[in-house]
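Protein chains in written order, with the numbering used here: chain A, 6 to 153; chain B, -1 to 321.
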Amino acid sequence: MQVNENKEFQPLIVAFCCNWCSYAGADLSGTNRLNYPTNVKIIRVPCSCRVNPMFILRAFQRGADGVILCGCHPGDCHYTSGNYFTRRRMTLLFSMLDFLGIERDRTRVEWVSAAEGAKFAATMNEFTEAVKKLGPNRRLEDLRCRKQ
Amino acid sequence: MQEAMIKRAKELLADGSVKRVIGWKRGEFAYDITPAVFESAEELDKDFVFDVFTSANVSKYLVKESKKEGKVLVFLKPCDTYSLNQLTKEHRVDRDNVYVIGIPGGPKLDIEKIRAKGITGILSVRNENFTLKIETLYGEETMPFSDAILDKCASCKSKKHVTYDELIGEDGDILDSDRFDMVEKLENMTAQERYDFWREQLSKCIRCNACRNVCPACTCEKCVFDDPASGVENKAAADSFEEKMFHIIRAFHVAGRCTDCGECSRVCPQNIPLHLLNRKFIKDINSLYGEYQAGADTTSRAPLTDYTAEDCESSIVHERGVE
Ligand code: SF4
Ligand code: SF4
Ligand code: SF4
Ligand code: FES
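Dropping the structure here:
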């Protein structure tokens, strides 16, 4: 979480992006000079299925207010089927987080290809807005990691 | 039943078909019964017990025992046979080295429910026509059998043995259980209510790891919760994040493999309803990816190591349920 000069809450977003599509998509949105919030921190992973549930929890623990996972579109995974496994895993994980009463809008999976720079920026803007509405993450934070 | 089991075990030991027997033996009190390995007829005569308190699922002991020299005989209740199938499927147990005698299931009793009636100094408990005769230091007490049934038995999913080499007694059927009712009730609460419910429950956890140690699906040689580098190694949770982390990860690791044997909740000294977390995963898997019962067979693919191109998107979680 960060607070700017106007004391406005700026959510910290962690975006896991697969190397082959979404990371390239993020690159493209950069070279096209499209804007998305600076508080989106990208973590590059070889494939979306590299992300295990612990990564998502850890991100929240270390202060993320929202976590988004981006990978190749279904059928386009560089490793053929990685994102299909990701999809099942994340669906179950998000459902469990929801079951524990953690706001469901803090997590998301989005498929972004290397050609979709505009979609990447739009997704990040939209997701950041949604998390901003929820306010700082309190239900899944580790107090010892709180910055201020 | 106990006599028939001892008799059969002795026969199999005597003719050399098995080297060891896994069953249950009495602890300090009549009701604190623990799993045990027997190697001789004398040991069986002395300690072997099978009664209303032999609720422990002994299938996990096969991980170690089935790797030893010679066959091992194991007595399994219907629910325990699902665990064995699952262990066989995951190559944790050498099924060829195991001789399974299927025995009838519960309902088994929960000593805590008897104590909750204010009955103390318990010496022995007998079931007479569904009335419990409880002999205590202070005289005899009675209570209805149904009030003391173990939770996992109250929502029994199946009385059918899914694997066995011989049976003592009758085989039963798969039952219509109400095991998802509480999960559904929670799903219909608001997020705040669910959050409060779980905070109250999970904050009781003392991280004794009993739930992991007893679980037949938790047989990893190196468990993440023992790894000092993980930051979640054996220690009491320092704050609410660590409580949730432990429980989410434990339940997730067994998702699609948990047979719903109910052992984790049974052994939890803090009475945390861990089965609700497991059942949430089972319920989701059933509704999103098709009915699946872990341990029902040894060949099907587990839901989390499988996929179809038509699977729903993760956003389904956002589209359904109560805010
Ligand atoms: S058995 Fe209960 S108290 Fe022990 S670690 Fe598991 S949930 Fe926590
Ligand atoms: S998680 Fe609990 S119910 Fe599931 S297999 Fe393990 S002990 Fe049994
Ligand atoms: S908690 Fe996970 S790592 Fe530990 S034994 Fe169970 S499945 Fe294995
Ligand atoms: S490589 Fe992009 S999701 Fe697998």
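The beta carbon of each residue, even a glycine, is placed where N, CA and C say it ideally should be.
Original post:
So, is the C-beta of B/Ile280 closer than 8 Å to a C-beta in chain A?
Top reply: As a first step, residue 280 of chain B must be located in the second sequence, where it is residue number 282. It does not; no Cβ of chain A falls within 8 Å.
Subject >> 8 Å contact criterion, which B/Lys150 and B/Ser263 should meet: CB distance rounded >> reply: Numbered from 1 along the second sequence, position 152 holds the residue referred to as residue 150 of chain B. Numbered from 1 along the second sequence, position 265 holds the residue referred to as residue 263 of chain B. B/Lys150 to B/Ser263, Cβ: 7 Å. Contact.
Subject >> Sub-8 Å separation of B/Pro301 and A/Arg93 beta-carbons >> reply: Residue numbering aside, residue 301 of chain B sits at position 303 when the second sequence is read from its first letter. Residue numbering aside, residue 93 of chain A sits at position 88 when the first sequence is read from its first letter. The answer is yes: Cβ separation under 8 Å.
**OP:** Please report the residue range of the beta strand (DSSP E) in which A/Pro58 lies.
**Re:** Locating residue 58 of chain A in the first sequence gives position 53, where the first residue counts as 1. It is not in any beta strand (DSSP E) - A/Pro58 instead sits in the alpha helix (DSSP H) that spans 58 to 66.
**OP:** Keeping to the same chain, check which residues put their C-beta closer than 8 Å to that of B/Glu138; ignore five residues upstream and five downstream.
**Re:** Taking the second sequence and counting its residues from 1, the one referred to as residue 138 of chain B is at position 140. Take B/Glu138, set aside five residues on each side of it, and the residues of its chain with a beta-carbon closer than 8 Å to its own are Lys131, Ile132, in chain order.
Original post:
Hey, is the stretch 304 to 317 of chain B in contact with the stretch 175 to 193 of chain B, meaning 3+ C-beta pairs nearer than 8 Å?
Top reply: Verdict: no, contact absent.
**OP:** Kindly say whether A/Ser86, judged by its beta-carbon, lies nearer than 8 Å to any beta-carbon of chain B.
**Re:** The residue given as residue 86 of chain A occupies position 81 in the first sequence. Yes, its Cβ sits closer than 8 Å to a Cβ of chain B.
Original post:
Rounded to whole angstroms, how far is the Cβ of B/Asp309 from the Cβ of A/Tyr89, which I believe are closer than 8 Å?
Top reply: Counting from 1 along the second sequence, the entry for residue 309 of chain B is found at position 311. Counting from 1 along the first sequence, the entry for residue 89 of chain A is found at position 84. B/Asp309 to A/Tyr89, Cβ: 7 Å. Contact.
Subject >> CB contact below 8 Å: A/Arg151 versus chain B >> reply: The sequence position of residue 151 of chain A within the first sequence is 146, counting from 1. Put simply, the CB of A/Arg151 is far from chain B, with every gap to its CB atoms at 8 Å or more.
Original post:
Ends of the beta strand (DSSP E) at A/Cys23?
Top reply: Start at 1 with the first residue of the first sequence, and residue 23 of chain A comes out as number 18. Boundaries of the beta strand (DSSP E) around A/Cys23: 18 to 23.
Original post:
Grouping DSSP H, G and I as helix and E and B as strand, with all else coil, what is B/Leu121?
Top reply: Indexing the second sequence from 1 puts residue 121 of chain B at position 123. Here DSSP, grouped into helix, strand and coil, assigns B/Leu121 to strand.
**OP:** For the alpha helix (DSSP H) holding B/Arg248, just list the boundary residues, first then last.
**Re:** For the purposes of this step, residue 248 of chain B is taken as the residue at position 250 of the second sequence. Per DSSP, the unbroken alpha helix (DSSP H) holding B/Arg248 starts and ends at 238 to 251.
**OP:** Determine whether the Cβ of B/Gln0 lies closer than 8 Å to any Cβ atom of chain A.
**Re:** Within the second sequence, the letter at position 2 stands for residue 0 of chain B. Interface with chain A (8 Å Cβ-Cβ cutoff): B/Gln0 is excluded.
Original post:
Along the chain, where does the alpha helix (DSSP H) that runs through B/Arg197 open and close?
Top reply: Here residue 197 of chain B refers to the residue found at position 199 of the second sequence. B/Arg197 -> alpha helix (DSSP H) spans 189 to 200.
Subject >> beta-carbon A/Asn4 near ligand 4 non-hydrogen atom, thresh 7 Å >> reply: Given that chain A is displayed from residue 6 to residue 153, the structure contains no residue 4 of chain A and the question cannot be resolved.
Original post:
Taking 8 Å as the CB-CB limit, is B/Ser386 close to chain A?
Top reply: The structure shown does not extend to residue 386 of chain B, since chain B spans only -1 to 321, so no value can be given for it.
Subject >> Where A/Cys75 sits in the DSSP three-state scheme >> reply: Residue 75 of chain A sits at position 70 when you count from the first residue of the first sequence. In the structure shown, A/Cys75 sits in a strand (DSSP, three-state: E or B).
Original post:
Do the CB positions of B/Glu37 and B/Arg24 come within less than 8 Å of each other?
Top reply: On the second sequence, residue 37 of chain B is found 39 positions in, with the first residue counted as 1. On the second sequence, residue 24 of chain B is found 26 positions in, with the first residue counted as 1. In terms of Cβ geometry, B/Glu37 and B/Arg24 do not form a close pair [threshold 8 Å].
**OP:** Just the C-alpha distance for B/Ser238 and B/Val265, rounded to the nearest angstrom, thanks.
**Re:** Taking the second sequence and counting its residues from 1, one reaches residue 238 of chain B at position 240. Taking the second sequence and counting its residues from 1, one reaches residue 265 of chain B at position 267. Approximately 22 Å, taken between the alpha carbons.
Original post:
Going by alpha carbons, who is nearest to A/Cys52 out of A/Gly122, A/Ala29, A/Phe132?
Top reply: Within the first sequence, numbered from 1, the residue matching residue 52 of chain A stands at position 47. The candidate whose alpha carbon is nearest that of A/Cys52 is A/Ala29.
Original post:
Secondary structure at B/Pro33, three-state DSSP: helix, strand or coil?
Top reply: Numbered from its first residue, the second sequence carries residue 33 of chain B at position 35. Of the three classes helix, strand and coil, the one that applies to B/Pro33 here is strand, per DSSP.
Original post:
Quick one: does A/Ser27 have its CB under 8 Å from some CB of chain B?
Top reply: Sequence index remark: in the first sequence, residue 27 of chain A carries index 22 (1-based). No, no contact with chain B.
**OP:** Take the Cβ of B/His273 as the centre, count every other Cβ of all protein chains shown within 10 Å, and call the residue buried at 16 or more, exposed below.
**Re:** Taking the second sequence and counting its residues from 1, the one referred to as residue 273 of chain B is at position 275. Counting Cβ neighbours within 10 Å, B/His273 comes out buried, since at least 16 surround it.
**OP:** Could you tell me whether the Cβ of A/Ser118 comes closer than 8 Å to any Cβ of chain B?
**Re:** As a first step, residue 118 of chain A is located in the first sequence; it is residue number 113 there, counting from the start. Among the residues facing chain B, A/Ser118 is not included, as its CB has no counterpart in that chain under 8 Å away.
Original post:
What is the DSSP secondary structure of A/Ser100, counted as helix, strand or coil?
Top reply: Translated into positions along the first sequence, residue 100 of chain A becomes position 95. Annotated three-state conformation of A/Ser100 is helix, per DSSP.
Original post:
Which whole-angstrom value is the C-beta distance of B/Arg277 and B/Ala215, which I expect to be below 8 Å?
Top reply: Residue 277 of chain B sits at position 279 when you count from the first residue of the second sequence. Residue 215 of chain B sits at position 217 when you count from the first residue of the second sequence. Distance from B/Arg277 to B/Ala215 at the Cβ level is roughly 14 Å; contact not present, criterion being Cβ atoms closer than 8 Å.
Original post:
At a cut of 8 Å, does the stretch 103 to 117 of chain A reach the stretch 288 to 301 of chain B through at least three beta carbon pairs?
Top reply: Taking 8 Å as the limit for Cβ pairs, the verdict is that the stretch 288 to 301 of chain B does not touch the stretch 103 to 117 of chain A.
**OP:** Report whether the distance from the Cβ of B/Cys256 to the nearest heavy atom of ligand 1 is below 7 Å.
**Re:** In the second sequence, counting from the first residue as 1, residue 256 of chain B sits at position 258. Taking non-hydrogen atoms of ligand 1 into account, the C-beta of B/Cys256 is found less than 7 Å away from none of them.
**OP:** Under 7 Å between beta-carbons, which chain B residues line up against A/Glu146? List them in chain order, please.
**Re:** Mapped onto the first sequence, residue 146 of chain A falls at position 141. Correct list: Phe239.
Original post:
For the stretch 97 to 109 of chain A, which residues have a CB atom closer than 9 Å to at least one CB atom of chain B, in sequence order?
Top reply: Hits within the stretch, in order: Leu97, Leu98, Phe99, Ser100, Met101, Leu102, Asp103, Phe104, Leu105, Gly106, Ile107, Glu108, Arg109.
**OP:** Just jot down, in chain order, the residues whose CB lies closer than 7 Å to any heavy atom of ligand 3.
**Re:** Any residue whose Cβ sits closer than 7 Å to a heavy atom of ligand 3 makes the list: B/Arg210, B/Cys213, B/Ala215, B/Cys216, B/Thr217, B/Cys218, B/Cys221, B/Val222, B/Phe223, B/Ile247, B/Arg248, B/His251, B/Val252.
Subject >> CA-to-CA distance, A/Gly76 to A/Cys22, given in whole angstroms >> reply: On the first sequence, position 17 is the one that residue 22 of chain A refers to. On the first sequence, position 71 is the one that residue 76 of chain A refers to. For A/Cys22 and A/Gly76, the distance between alpha carbons rounds to 6 Å.
**OP:** Let me know if A/Leu33 comes out buried or exposed under the rule of 16 or more other beta-carbons within 10 Å of its beta-carbon.
**Re:** Numbered from its first residue, the first sequence carries residue 33 of chain A at position 28. Under this definition A/Leu33 is a buried residue.
**OP:** Please indicate yes or no: does the CB of B/Gln190 lie closer than 7 Å to some heavy atom of ligand 1?
**Re:** Translated into the one-based positions of the second sequence, residue 190 of chain B becomes position 192. B/Gln190: no, Cβ never under 7 Å from ligand 1.
Subject >> Contact set between A/Leu62 and chain B, taken where Cβ atoms lie within less than 7 Å >> reply: Residue 62 of chain A sits at position 57 when you count from the first residue of the first sequence. Listed along the chain, the chain B residues whose CB falls inside 7 Å of the CB of A/Leu62 are Met243, Ile246.
**OP:** For B/Ala249, decide whether its Cβ has a neighbour in chain A, counting only Cβ atoms nearer than 8 Å.
**Re:** Here the question's residue 249 of chain B lines up with position 251 in the second sequence. At a cut-off of 8 Å between beta-carbon atoms, B/Ala249 makes contact with chain A.
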